[in-house]
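S.K.: One structure follows; several queries about it will come next.
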Amino acid sequence: MPSPEGDPAAARAQRRVELELPLGAPSPGAAPFDLEAAVCSHGLFMMAPNRWDPASRALVRPLRLASDRAASVLVRVSRHPARPSDALLVSVLGAADDLSPLDQSSILDQVRRMLRLEEEDGRAVAEFQAMHAVAREAGFGRIFRSPTLFEDMVKCILLCNCQWTRTLSMSTALCELQLELRCSSSNEDFQSRTPPIRERKRKRSNKRNVHMKLEIKFAEDKLVCLEGPNLATGTSNDTINLQTYENSFHLSSAASETGSTSEVPLDHSELSLGNALCLEDCIGDFPTPEELANLDEDFLAKRCNLGYRAKRIVMLARSIVEGKVCLQNLEEIRKMSEPAVEGLSPIMSSYERLNEELSTISGFGPFTRANVLMCMGFFHMIPADTETIRHLKQFHKRASTISSVHKELDNIYGKYAPFQFLAYWFELWGFYDKQFGKISDMEPINYRLFTASYLTKAAVNS
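Residue numbers for the sequence shown follow our numbering, so the first one is 1 and each next one is one higher.
Here it is, written out as structure tokens:
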């Protein structure tokens, strides 16, 4: 078996930068922060490229660097071994020697966003838990989200009008496509092999040929990426899986916060992700607007099985790249403290403004907007779909339709305003917990069981 000294891939796998993320004291009345409860709180945590390891109770996923948005590093978030109640340990696995303070700060900011660790998040948790003692006892109040608003917006599109299994598959396919893009010789090379927008009127037979050639080329690129010289061989399966997952992000050595290089050997049992990190799961980061904006809609729809969603995603990406949609402005509106209209509370004022802004984006209907706004921190509106109707019928014995469901939701959860969604989701997520067993203990391969048909069968058999 090659030694770490003679194997660059193994050497990279043994290096990491460890960052501390202080949690601070919980807001008065709030339960202490619980990493497991914060991560395993919404289906978004199951969607690629997120990986929750039930064995080590850690979240693993790639995060973007501030200094180079085209570059990703693999990050592992876990309880701090020495100060579990005061801080999180954010391990940047095999990052570069020149990981700058800017990049370190950006990584921590992305973790804060995913876990809702800002001061205003803590206040919201405390206010909700003051109303809901059972939720406080369970440590529930933070809903997992993505490191960026763009990823949240795209994933909310993926939640629409399809089964959960397809939602998971579409998210994985987008990350696989991002890996193929990165494995290409350059972004320009990738774009040159993507059908130009102006050529949409080509004959269908030619377009199919172009798509086929692209898919063959991308498959070859991915094979080269996974079978290249950086792939460790002659090691245990766990080591291969971990190193291959890390190698797919072109990881190298890294500098610690103090400026020195950390060469602490990785304990692969500590990072064991079981089946979650098998070779087939070596996927990329979630694509950025820049990576999606120049793609042909038809190609993206076929490559990632997105259907009509491909057009909406590409249009969103282009609008962001062209400056027609400014994500930073949307985030700033969310942070507004002064009501824009007399008589409206600040939270309602900013909600209405954001809802109006989102409604101008093609494909963002009421359900998608409600989910995006929930991700942004608004919890008074419950995104309602057929799963909501099923839950009200099964759990509350109330029959409703799409047109009447919001009235029923208000009757049941209105007393928790402005946190109706949190009360509803705590109830629904707890129901899932009972049906499937503890969600945080589930292996990723079982996430596809979260289907309405499975729940219906479970209810009949109970």
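Virtual Cβ for every residue (Gly too), placed ideally from N, Cα, C. Treat the numbers as computed from the prediction; the structure is a model and nothing was measured.
Hey, which unbroken runs of the alpha helix (DSSP H) at 4 residues or more fall wholly within the region 352-381?
M.R.: 366-376
S.K.: Give every residue of the same chain whose Cβ lies closer than 6 Å to the Cβ of M153, excluding the five residues on either side of it in the sequence, and list them in chain order.
M.R.: Residue 153 sits at position 153 when you count from the first residue of the sequence shown. Within the same chain, M153 has close Cβ partners V372.
S.K.: Does the region 305-319 touch the region 141-157, meaning 3 or more C-beta pairs lie closer than 8 Å?
M.R.: yes
S.K.: Any idea if Y308 is buried or exposed, counting beta-carbon neighbours within 10 angstroms, 16 or more meaning buried?
M.R.: Taking the first residue of the sequence shown as 1, we reach residue 308 at position 308. With fewer than 16 Cβ atoms within 10 Å of its Cβ, Y308 is classed as exposed.
S.K.: Measure from the alpha carbon of K415 to the alpha carbon of each residue in H132, L44, F299, S349, then state which is nearest.
M.R.: Within the sequence shown, numbered from 1, the residue matching residue 415 stands at position 415. Cα-wise, what sits closest to K415 is H132.
S.K.: Distance check for S72 and L65, CA to CA, integer angstroms please.
M.R.: Along the sequence shown, one-based indexing puts residue 65 at 65. Along the sequence shown, one-based indexing puts residue 72 at 72. About 6 Å.
S.K.: Nearest to R16 by CA position, among A95, G365, A301, Q178, is which residue?
M.R.: Taking the sequence shown and counting its residues from 1, one reaches residue 16 at position 16. The residue with the shortest Cα to Cα distance from R16 is A95.
S.K.: Below 8 Å on the Cβ atoms is my contact criterion, and I expect L63 with Q110 to pass it. Report the Cβ-Cβ distance as a whole number of Å.
M.R.: Here residue 63 corresponds to residue number 63 of the sequence shown, with the count starting at 1. Here residue 110 corresponds to residue number 110 of the sequence shown, with the count starting at 1. For L63 against Q110, the beta-carbon gap comes to about 5 Å, under 8 Å, which counts as contact.
S.K.: Tell me whether the beta-carbon of V90 lies closer than 7 Å to the beta-carbon of L21.
M.R.: Reading the sequence shown from its first residue, position 90 is the one you call residue 90. Reading the sequence shown from its first residue, position 21 is the one you call residue 21. Yes. Within cutoff.
S.K.: How would you call D410, buried or exposed, if buried means at least 16 neighbouring beta carbons within 10 angstroms?
M.R.: In the sequence shown, residue 410 corresponds to position 410, counting from 1. Answer is exposed; the Cβ neighbour count stays below 16.
S.K.: How would you call I445, buried or exposed, if buried means at least 16 neighbouring beta carbons within 10 angstroms?
M.R.: Numbered from its first residue, the sequence shown carries residue 445 at position 445. Counting Cβ neighbours within 10 Å, I445 comes out exposed, since fewer than 16 surround it.
S.K.: Just verifying my parser: in three-state terms, what is the DSSP assignment at P22?
M.R.: Against the sequence shown, residue 22 aligns to sequence position 22. If DSSP states are grouped into helix, strand and coil, P22 belongs with the strands.
S.K.: Within the chosen definition, does the region 286-295 reach the region 318-329 through at least 3 CB pairs nearer than 8 Å?
M.R.: yes
S.K.: Using a threshold of 7 Å, state whether the C-beta atoms of A70 and H80 are closer than that.
M.R.: Taking the sequence shown and counting its residues from 1, one reaches residue 70 at position 70. Taking the sequence shown and counting its residues from 1, one reaches residue 80 at position 80. Going by beta carbons, A70 and H80 fall outside the 7 Å limit.
S.K.: Report the rounded CA-to-CA distance for A417 versus I107, giving the unit in angstroms.
M.R.: Position 417 of the sequence shown, counted from the first residue, corresponds to residue 417. Position 107 of the sequence shown, counted from the first residue, corresponds to residue 107. When rounded, the distance between both Cα atoms is 33 Å.
S.K.: What does the alpha-carbon distance come out to for the pair G122 and P26?
M.R.: Taking the sequence shown and counting its residues from 1, the one referred to as residue 122 is at position 122. Taking the sequence shown and counting its residues from 1, the one referred to as residue 26 is at position 26. Computed Cα separation, rounded: 7 Å.
S.K.: Start and end of the alpha helix (DSSP H) containing S319?
M.R.: For the purposes of this step, residue 319 is identified with residue 319 of the sequence shown, where counting begins at 1. Run containing S319: 309-321, per the alpha helix (DSSP H) assignment.
S.K.: Evaluate Q163 with the Cβ neighbour count: other Cβ atoms within 10 Å of its Cβ, from every protein chain shown; 16 or more gives buried, anything less gives exposed.
M.R.: Working through the sequence shown from its first residue, we reach residue 163 at position 163. Residue burial annotation: Q163 is exposed, with fewer than 16 other C-beta atoms found within 10 angstroms of its C-beta.
S.K.: Enumerate in chain order the residues of its own chain whose CB-to-CB distance from A135 is below 8 Å, with the five nearest sequence positions on each side excluded.
M.R.: In the sequence shown, residue 135 corresponds to position 135, counting from 1. These residues qualify, in order along the chain: F128, Q129, G141, L422, A423, F426.
S.K.: With the cut-off set at 7 Å, would you say L354 and H391 are in Cβ contact?
M.R.: Taking the first residue of the sequence shown as position 1, residue 354 is located at position 354. Taking the first residue of the sequence shown as position 1, residue 391 is located at position 391. No Cβ-Cβ contact shorter than 7 Å links L354 with H391.
S.K.: Output the distance between the C-alpha atoms of R57 and F45, rounded to the nearest integer angstrom.
M.R.: Position 57 of the sequence shown, counted from the start, is the residue given in the question as residue 57. Position 45 of the sequence shown, counted from the start, is the residue given in the question as residue 45. Each residue's alpha carbon lies about 13 Å from the other.
S.K.: Would you kindly work out how many angstroms separate the C-alpha atoms of L93 and H406, rounded to a whole number?
M.R.: Position 93 of the sequence shown, counted from the start, is the residue given in the question as residue 93. Position 406 of the sequence shown, counted from the start, is the residue given in the question as residue 406. Cα atoms of L93 and H406: separation of roughly 45 Å, rounded to the nearest angstrom.
S.K.: Can you tell me which residues form a DSSP beta bridge with S91?
M.R.: Here the question's residue 91 lines up with position 91 in the sequence shown. E18, R76, per the DSSP bridge assignment.
S.K.: Measuring alpha carbon to alpha carbon, tell me which of I361, E332, S362 ends up nearest S349.
M.R.: Taking the first residue of the sequence shown as position 1, residue 349 is located at position 349. Per the Cα distances, E332.
S.K.: In its own chain, which residues sit with a C-beta less than 7 Å from the C-beta of A31, not counting the 5 before and 5 after it?
M.R.: If you number the sequence shown from 1, residue 31 lands on position 31. Q129, R136, G139, listed in sequence order.
S.K.: Is D53 buried or exposed, if buried means 16 or more other CB atoms sit within 10 Å of its CB?
M.R.: What you label residue 53 is simply residue 53 of the sequence shown in a count that begins at 1. That one is buried.
S.K.: Going by the beta-carbon positions, is the gap between L102 and S67 smaller than 7 Å?
M.R.: One-based indexing of the sequence shown puts residue 102 at position 102. One-based indexing of the sequence shown puts residue 67 at position 67. It is a contact, given that the beta carbons lie within the stated cut-off.
S.K.: Could you compute how far the alpha carbon of R83 sits from the alpha carbon of V77?
M.R.: As a first step, residue 83 must be located in the sequence shown, where it is residue number 83. As a first step, residue 77 must be located in the sequence shown, where it is residue number 77. So the alpha carbons of these two residues sit roughly 14 Å apart.
S.K.: Would you call the CB atoms of C175 and G284 closer than 7 Å?
M.R.: Counted from its first residue, the sequence shown places residue 175 at position 175. Counted from its first residue, the sequence shown places residue 284 at position 284. Contact: yes.
S.K.: Once you ignore the five residues that flank A126 on each side, which residues in its own chain have a CB closer than 6 Å to its CB?
M.R.: For the purposes of this step, residue 126 is taken as residue 126 along the sequence shown, with counting starting at 1. Contacts found: S27, G29, A30.
S.K.: Consult DSSP for L63 and reduce its assignment to one of helix, strand or coil.
M.R.: Counted from its first residue, the sequence shown places residue 63 at position 63. The answer is strand: DSSP assigns L63 an E or B state.
S.K.: Relative to the alpha-carbon of S403, which residue among D433, F419, P366 has its alpha-carbon at the smallest distance?
M.R.: Counting from 1 along the sequence shown, the entry for residue 403 is found at position 403. It is P366 whose Cα lies nearest to the Cα of S403.
S.K.: Opposite A58 in the DSSP bridges: which residues?
M.R.: As a working note, residue 58 is residue 58 in the sequence shown. The partner list for A58 (beta bridge, DSSP) reads D53.
S.K.: For A37, which of L449, K438, T167, E443 has the nearest alpha-carbon?
M.R.: Taking the first residue of the sequence shown as position 1, residue 37 is located at position 37. Per the Cα distances, K438.
S.K.: How big is the Cα-Cα spacing for T368 and F378?
M.R.: The residue labelled residue 368 in the question sits at position 368 within the sequence shown. The residue labelled residue 378 in the question sits at position 378 within the sequence shown. The straight-line gap from Cα to Cα measures roughly 13 Å.
S.K.: Does the beta-carbon of N329 have 16 or more other beta-carbons within 10 angstroms, so that it is buried, or is it exposed?
M.R.: Position 329 of the sequence shown, counted from the start, is the residue given in the question as residue 329. N329 is exposed by the Cβ-count criterion.
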